[in-house]
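So the sequences go chain by chain: D and A. Residue numbering for the first sequence is 1 to 817, as defined by the numbering used here. Residue numbering for the second sequence is 1 to 153, as defined by the numbering used here.
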Amino acid sequence: MKVIIDGKTIEAEENKTILELARENGIYIPSLCDHPGLAPFSGCRLCLVQIKGKKGYSPSCSIYIEDGMEVKTSTQQLRKLRKNILELILTEHPNACLMCAEKKECDEYKATIRKVGEVTGCVLCPNNGDCELQEIVEEIGVDIVDFPSYYRDLEVKRDDPFFDRNYNLCILCGRCVRICHEVRGCSTLSFVKRGPETVVSTSMDQRLIDSNCQFCGACMDVCPTGALIEKGRKYESLADDKTEMLCPLCSVGCRLEVNLGEGRLLNTRPAADGPANHGQACVKGRFLIKDLVYIEKRIEKPLIRREKKLEEVGWDEALDWVAGKLKKYKGKETAVIRSAQVSCEDGYVLRKFADEVLKTGNISSEPAFSSYRELAQKLGFMPALNYKIEEISSAETIFLLSSNISVSHPIVWLEIVKAVKNGARLIAAGPMELQFDRFVSLQLRIEPGTENILLGSLQKILTGGESFKAAKESKVAENALREAAEILKSSKSPAFIFGSESIQGPVGMEVLTALWNIALLSKGRLYHLGLESNSRGIFELDRSFNKKSRQTGLIIQDIIDNKVKALYLAGSRIELPKKARPEFLIIQDSYVSKNTEIADAVLPAAVSAEAEGVFVNMEGRVQKSGKVLEPPGKTKPDWWITSQAAKRMGAEAFDYKKPSSIIKEIRNKLPGFANVTYPALEKSKEIFIKEETPQKGKLFTQKIISLPEGNNKRYPFRLVLFYNLDFYRNLSLSEAVRGFRIFRNSQWIHICLEDADKLKLKNGDSIEVLSPHGKTKVIVRITKTVSPGIVAASPEYPIFNNTASSNVLKVMIKRGK
Amino acid sequence: MQKILAEFENSQKELIHVLHCVQAKFGYIPPEAISEISRHLKITESEIYGILTFYAAFSLEPRGKHRVTVCMGTACHVRGGPKVLEEFERRLGIEAGHTTRDKQFTLETVACLGCCAIGPVVVVDDDYHAEATIRKVEPILEKYKKEKKNDQD
Numbered sequence: 001m002k003v004i005i006d007g008k009t010i011e012a013e014e015n016k017t018i019l020e021l022a023r024e025n026g027i028y029i030p031s032l033c034d035h036p037g038l039a040p041f042s043g044c045r046l047c048l049v050q051i052k053g054k055k056g057y058s059p060s061c062s063i064y065i066e067d068g069m070e071v072k073t074s075t076q077q078l079r080k081l082r083k084n085i086l087e088l089i090l091t092e093h094p095n096a097c098l099m100c101a102e103k104k105e106c107d108e109y110k111a112t113i114r115k116v117g118e119v120t121g122c123v124l125c126p127n128n129g130d131c132e133l134q135e136i137v138e139e140i141g142v143d144i145v146d147f148p149s150y151y152r153d154l155e156v157k158r159d160d161p162f163f164d165r166n167y168n169l170c171i172l173c174g175r176c177v178r179i180c181h182e183v184r185g186c187s188t189l190s191f192v193k194r195g196p197e198t199v200v201s202t203s204m205d206q207r208l209i210d211s212n213c214q215f216c217g218a219c220m221d222v223c224p225t226g227a228l229i230e231k232g233r234k235y236e237s238l239a240d241d242k243t244e245m246l247c248p249l250c251s252v253g254c255r256l257e258v259n260l261g262e263g264r265l266l267n268t269r270p271a272a273d274g275p276a277n278h279g280q281a282c283v284k285g286r287f288l289i290k291d292l293v294y295i296e297k298r299i300e301k302p303l304i305r306r307e308k309k310l311e312e313v314g315w316d317e318a319l320d321w322v323a324g325k326l327k328k329y330k331g332k333e334t335a336v337i338r339s340a341q342v343s344c345e346d347g348y349v350l351r352k353f354a355d356e357v358l359k360t361g362n363i364s365s366e367p368a369f370s371s372y373r374e375l376a377q378k379l380g381f382m383p384a385l386n387y388k389i390e391e392i393s394s395a396e397t398i399f400l401l402s403s404n405i406s407v408s409h410p411i412v413w414l415e416i417v418k419a420v421k422n423g424a425r426l427i428a429a430g431p432m433e434l435q436f437d438r439f440v441s442l443q444l445r446i447e448p449g450t451e452n453i454l455l456g457s458l459q460k461i462l463t464g465g466e467s468f469k470a471a472k473e474s475k476v477a478e479n480a481l482r483e484a485a486e487i488l489k490s491s492k493s494p495a496f497i498f499g500s501e502s503i504q505g506p507v508g509m510e511v512l513t514a515l516w517n518i519a520l521l522s523k524g525r526l527y528h529l530g531l532e533s534n535s536r537g538i539f540e541l542d543r544s545f546n547k548k549s550r551q552t553g554l555i556i557q558d559i560i561d562n563k564v565k566a567l568y569l570a571g572s573r574i575e576l577p578k579k580a581r582p583e584f585l586i587i588q589d590s591y592v593s594k595n596t597e598i599a600d601a602v603l604p605a606a607v608s609a610e611a612e613g614v615f616v617n618m619e620g621r622v623q624k625s626g627k628v629l630e631p632p633g634k635t636k637p638d639w640w641i642t643s644q645a646a647k648r649m650g651a652e653a654f655d656y657k658k659p660s661s662i663i664k665e666i667r668n669k670l671p672g673f674a675n676v677t678y679p680a681l682e683k684s685k686e687i688f689i690k691e692e693t694p695q696k697g698k699l700f701t702q703k704i705i706s707l708p709e710g711n712n713k714r715y716p717f718r719l720v721l722f723y724n725l726d727f728y729r730n731l732s733l734s735e736a737v738r739g740f741r742i743f744r745n746s747q748w749i750h751i752c753l754e755d756a757d758k759l760k761l762k763n764g765d766s767i768e769v770l771s772p773h774g775k776t777k778v779i780v781r782i783t784k785t786v787s788p789g790i791v792a793a794s795p796e797y798p799i800f801n802n803t804a805s806s807n808v809l810k811v812m813i814k815r816g817k
Numbered sequence: 001m002q003k004i005l006a007e008f009e010n011s012q013k014e015l016i017h018v019l020h021c022v023q024a025k026f027g028y029i030p031p032e033a034i035s036e037i038s039r040h041l042k043i044t045e046s047e048i049y050g051i052l053t054f055y056a057a058f059s060l061e062p063r064g065k066h067r068v069t070v071c072m073g074t075a076c077h078v079r080g081g082p083k084v085l086e087e088f089e090r091r092l093g094i095e096a097g098h099t100t101r102d103k104q105f106t107l108e109t110v111a112c113l114g115c116c117a118i119g120p121v122v123v124v125d126d127d128y129h130a131e132a133t134i135r136k137v138e139p140i141l142e143k144y145k146k147e148k149k150n151d152q153d
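Structure (C-alpha cells):
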C-alpha cells in the first residue's frame, strides 16, 4: 500500500502504525509513551499528526496506516500544539535546567552532582545526558514553561535492591506499568490513585522486594526520564562506548548490551536484537554482570602452595610447577572436573588435555543431557534437540514439567506468558505450584518424585488404556488426568517443556522416555531447558571423543576412595566434601572459594566478559561472546592456561595462538560445528548446531518406578530440589551480591505456612536440614508454592550425580541455634 | 470472604462487583482481602490496588458511623466550602478522606451535589445542611455526637 507522509510517497506493508512507518523512513515524530514491543497507548499526545480527511489531530502511535493515507507530521499548528503539550508535561517535572540559557556551558564546567537527596534539575539527576525527555525538549525547543510548576514532593524510594524510584521525576507515560504487565506478565506496577494524584506504585505501596517484583529491570530500560535509577551506575560517568556480550548465567544465552566508560564496565542491558531474548533479560543479566567482573573475590595472580602457604608467582613458574607435579601421576589417578559455563574453546581444550595429556577417562560429563545420551542409545539416533524459544509463544497447548521456570529460565517463561495471552492452555505438572499460577489452566500437582508415574498414566490414557493404580500413587485425580489427555489430544503440536532436574536422578531416564512417548502420541515437540550457559556446547563436544566422560559424583567417590589423587578443577561450582581431599588439587578459576583455600595451585582465569568464546545455548544456537574488557592482573582465558599446562607437560598439539584456531580444530573434527566460524558468527545470529537428519520415532515401553519409601517417622519432610542456577564458575551469586541475596538466597528452604507454624518458624530463621546423606544449614522462606509435608530448595550446583541422590530427599528439620 | 468469592467466576471482569460486595460486607476493603481476591480472580494485587484507589466508592480504611461530605464544587468553593472543610478537619482532627479514631466520623469531599443554590453544602449521612459556615460546624457535629449518647441511653 502507499502512504504519503509529508509529501513523500512511501511503499509500506500493512499492520504498522503511522509512527512506526515514519521512524523506519527517517521522519521524526516526537513520542514519549510509545515503545517497540508495547501496545499503542496514546498517553503523551506528543506524536499527534494531521491526516487528510480526518478532523482534528490524531495520535500517530495508535493509528494504523491505510492505503492512500496522507499524513502531515510537522505543520506549524502541530509544532505549536506539541510545544504546548510538552510544556504541560514539564510542569510536573523539574525543568529549570532544561530551559536554562547556560545549559551548554554548565555541562562543560560542572560535573553532575549525583549524591543529592532531591533531584530538582537535570544537573542533579543521575540520568543527565541519558534521558529521552531531555532529547525531546531539545528537539521541540521549549524555552519557557508558561504554566505554574508542580512538584509532587514524594519520598524517594531507596529501600529496594538494584534501583531507586523517584516518582517526582515521573511523567506517567506508563511504559513501566505496561511492560511489567504486557511483556513480563508480572504486573507488579500499576497506576494508583487518580487525577493529579496519580502515581506508579505497587499493591499497598509496598516495597518492590515485598511485592512479586522479579527485578528484571525492564521498567528501568523503558523509562524515558530519570525516575528509575540504577544504583550500580548512579555515580559512574556517562557511557563513551557500547559493545555486546553474551550473558554467561544460564542456558538461554541472552545478548547483552554493555555500556563502557573510560574502559570500565558501567552496566549491562538486554540487547534489543538478541535472537534468544528480544530485548529482555532477567535480574542476573541486568544487574549482576558488573559484580562478576569487579568483585573483590577475583583472583588476579597465579598461586602455588609452598611450605603450606599459597604464594604468588609468575605464570611460567606456576605452570612449570603444575606440569612437573602432574607428570608424576598415572592416567587413572588424575581427573578433570569442568564447568559448563566455559566456552566451547575452553571446554574442548580441557577435554583434549584430559584425553591426550593426562590420558584419563575421568572427565566430568554434562549432567543436563545424560538421559538424552541413554535415549539416543535406545533409539539408535539422537532425537532433535534444536528449537527456537520463540516458537513456544505460538503453541496451542503447553505441558510444563518445571515449576521453577519463571526463575530458572525467565526468558522462556515470557514466551509461555505470551502464548497464554494468545489463548494457549498451560498444563503445569509437578510437586510445586508455579509462582505465577494465574496463567495455569490445569494444575497437576503430584507427589514428589512421581513424575514418571504421572506421565506413564497419561500415556496409558492417550493410548486408550485404563490403569489408575499409578495415578493414585502420584495423587493426581483421575478426572484431572483425563482432562489433560483431552487437551493434549485436541491440540495441534503441544509443547512439552521440562527442566533438566526432571530427567536426572534414578527415574530421570524413565521420565524422558515417557515424555518422548507422549510427545510422539500427541504429535508434540520436546523443549529441554538446559542448565548452564554452555551445557549444550559441552555435550556436543563430548560426543566427538571416543572415551566416555564420567559423572561428577563418581569422580568424587573415586577421590574419597583414593583412586583419584590429582584433580584439575576448572570453573566448577562444586564444593568438595570433607572426605574428598585429593593429594594434589589444581584450581583454574576466577574467584576465591572454599576450594581455593585447600588448593595446591590456583590459576586465575578470565571471566566471560574478558575473553572471546563460542557458546551454544539451549536452542542449539551458536553465539559468540565478545571480549569486552581487558582481564585484570595476570588473569588469562581458560583455553590459554590449559594449553600452556599441556605444552609444559610435553604435549605438541596445543599450540593455539587465538581461540579461533581452536574453533577451526573443532569444526574439522565435529560435523555439528560445520558452520561455525568467527566471521560467520559475527554476521549471522541464526547459526545452529547441525543435527543428524531425524529418523522416525518409535514408542518405548516405559518402566514405572516408585521411589522406595524411607523411614517416614524419622524424616517426615520430603525435600524437592530444583535449580535456580544462581552461580557463576565457583562464585555463589547470592553470597557475593547483597542485593541479590535479599531477593533470592540459595540457602533458602521453601516451606508452607502451615508447616512453618507447626514448627514455630518464621521467615529468615536459620534451621538445619538432616537427611540420611548428611545435614546442611538453611534459611526459612515461607511460600505458597509448596504444600504441607514438602519443602523445596535450590542447590547451587547440579548435585543429582552424587552417588546417592535423586531430586527428592527425605529430610528432617531441626531448629538451628 | 470465601463466601463472597464463591459467588463469582474466576475472571477479572468480576473485580468491581467483588469489591462492591466486600465493601458492603465489611464497610471497607481490608488489605488482606486483596490477596484473596487476587488469587480468586487471577489478577495481581497491584492491579486491584490500582483500581480500588481510583474509585472513591472504595475505601481501604474502615468507615466511621457517620459520613460527613463537604461539597467542593465551584459554587460551594467560592462561597467558602474549603474553609468549612478546614474547620471540620480541625474539629475532627483528621484530614479529608479519613476516619476519626473513635470510628464515629468519616470526612469526605465531593465535587458537586447539584444543589449549588444552597451552598456551601454539607451532607451528614443522608441529611443536607445548607449554607454552612465555620460557626455551623460545631452544632452539626454535636447533633450527631448527641445521637450517639441518646443511643447509649
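Every residue, glycine too, gets a C-beta built ideally from N, C-alpha and C.
message = Considering only the alpha carbon of each residue, which of 482(D), 256(D) and 554(D) lies closest to residue 266(D)?
response = 256(D)
inquiry  = If you reduce the DSSP assignment to three classes, tell me which class residue 128(D) lands in.
reply    = Residue 128(D) falls in the coil class under three-state DSSP.
message = Quick check on the burial criterion: 16 or more other C-beta atoms within 10 angstroms. Buried or exposed for residue 205(D)?
response = exposed
task = Return the residue from the list 562(D), 724(D), 643(D) and 676(D) that minimises the CA-CA distance to residue 333(D).
result = 562(D)
query = Is the CB of residue 54(A) under 8 Å away from at least one CB in chain D?
reply = yes
Limits of the unbroken beta strand (DSSP E) element including residue 71(A) = 66-71
ask   = Got a sec: which bits of the segment 19-46 of chain A sit with their beta carbon under 9 Å from any beta carbon on chain D, in order along the chain?
value = 31, 34, 35, 38, 39, 41, 42, 43, 44, 45 and 46
query = Taking Cβ positions only, does residue 50(A) come closer than 8 Å to chain D?
reply = yes
key: Same chain only: Cβ atoms within 8 Å of residue 768(D), ignoring 5 sequence neighbours per side   = 775, 776, 777, 778, 813, 814, 815 and 816
request  = With DSSP as the reference, please indicate the residues paired to residue 50(D) in a beta bridge.
outcome  = 72(D)
Residues bridged to residue 267(D) [DSSP beta-bridge criterion] = Answer is 259(D), bridged to residue 267(D).
query = By DSSP, does residue 618(D) sit in helix, in strand, or in coil?
reply = coil
inquiry  = Just to confirm before moving on: does the CB-CB distance between residue 722(D) and residue 792(D) stay below 8 Å?
reply    = yes
task = Starting from the Cα of residue 401(D), find the closest Cα among 371(D), 526(D) and 299(D) and give me that residue.
result = With distances taken between Cα atoms, residue 401(D) lies closest to 526(D).
task = Mind listing the chain A neighbours of residue 193(D)? Cutoff is C-beta to C-beta under 8 Å, in chain order.
result = 53 and 54
request  = Please name the residue, chosen from 16(D), 22(D) and 14(D), that lies closest to residue 8(D) on a Cα-to-Cα basis.
outcome  = That would be 22(D), whose Cα lies nearest to the Cα of residue 8(D).
task = Could you say which of 678(D), 496(D), 712(D) and 303(D) lies nearest to residue 587(D) if we only look at CA atoms?
result = 303(D)
query = Looking at C-beta atoms only, is the number of pairs between the segment 143-150 of chain D and the segment 85-93 of chain D that lie closer than 8 Å three or more?
reply = yes
ask   = Looking at the C-beta of residue 783(D), does it have a partner C-beta in chain A at a distance below 8 Å?
value = no
inquiry  = Restricting to Cα atoms, I'd like to know which of 545(D), 269(D), 273(D) and 78(D) is closest to residue 281(D).
reply    = 269(D)
query = Beta-carbon separation of residue 347(D) and residue 63(D) under 8 Å?
reply = no
request  = Report the partner residues of residue 499(D) according to the DSSP bridge assignment.
outcome  = 529(D)
Chain-order list of residues whose beta-carbon lies under 6 Å from that of residue 496(D) (same chain, five-residue window excluded) = Excluding residues within five positions, the ones whose Cβ falls inside 6 Å are 399, 515, 519, 524 and 526.
Within-8 Å CB hit, residue 804(D) to chain A = Legend: pLDDT at residue 804(D) = 42, less than 50; position of this residue unreliable, value from coordinates given subsequently. Answer no: the Cβ-Cβ gap between residue 804(D) and chain A never drops below 8 Å.
message = Let me check understanding here. Comparing Cα to Cα, which of 556(D), 501(D) and 425(D) lies closest to residue 493(D)?
response = 425(D)
request  = Given a cut-off of 8 Å, decide if residue 522(D) and residue 341(D) are closer than it, judged by their beta-carbon atoms.
outcome  = Against a cut-off of 8 Å, the Cβ pair of residue 522(D) and residue 341(D) comes out as no contact.
ask   = Taking DSSP as the reference, what is the three-state secondary structure of residue 589(D)?
value = strand
message = Can you confirm whether residue 165(D), when its beta carbon is compared against all beta carbons of chain A, has any partner nearer than 8 Å?
response = no
request  = List the residues that DSSP assigns as beta-bridge partners of residue 774(D).
outcome  = 771(D)
message = Quick check: residue 619(D) and residue 276(D), are their CB atoms within less than 8 Å of each other?
response = yes
ask   = What do you reckon, are the CB atoms on residue 121(A) and residue 76(A) nearer than 8 Å?
value = yes
First through last residue of the beta strand (DSSP E) which encompasses residue 567(D) = For residue 567(D), the uninterrupted beta strand (DSSP E) run begins and ends at 566-570, by DSSP.
inquiry  = Against chain A, with Cβ distances strictly below 8 Å, would residue 406(D) count as a contact?
reply    = no
inquiry  = Between which residues of its own chain and residue 607(D) is the CB-CB distance below 7 Å, once the five residues before and five after are set aside?
reply    = 292, 293 and 590
message = I need the straight-line Cα distance from residue 271(D) to residue 97(A), nearest angstrom please.
response = 46 Å
inquiry  = Is there a C-beta anywhere in chain A that falls below 8 Å from the one on residue 187(D)?
reply    = yes
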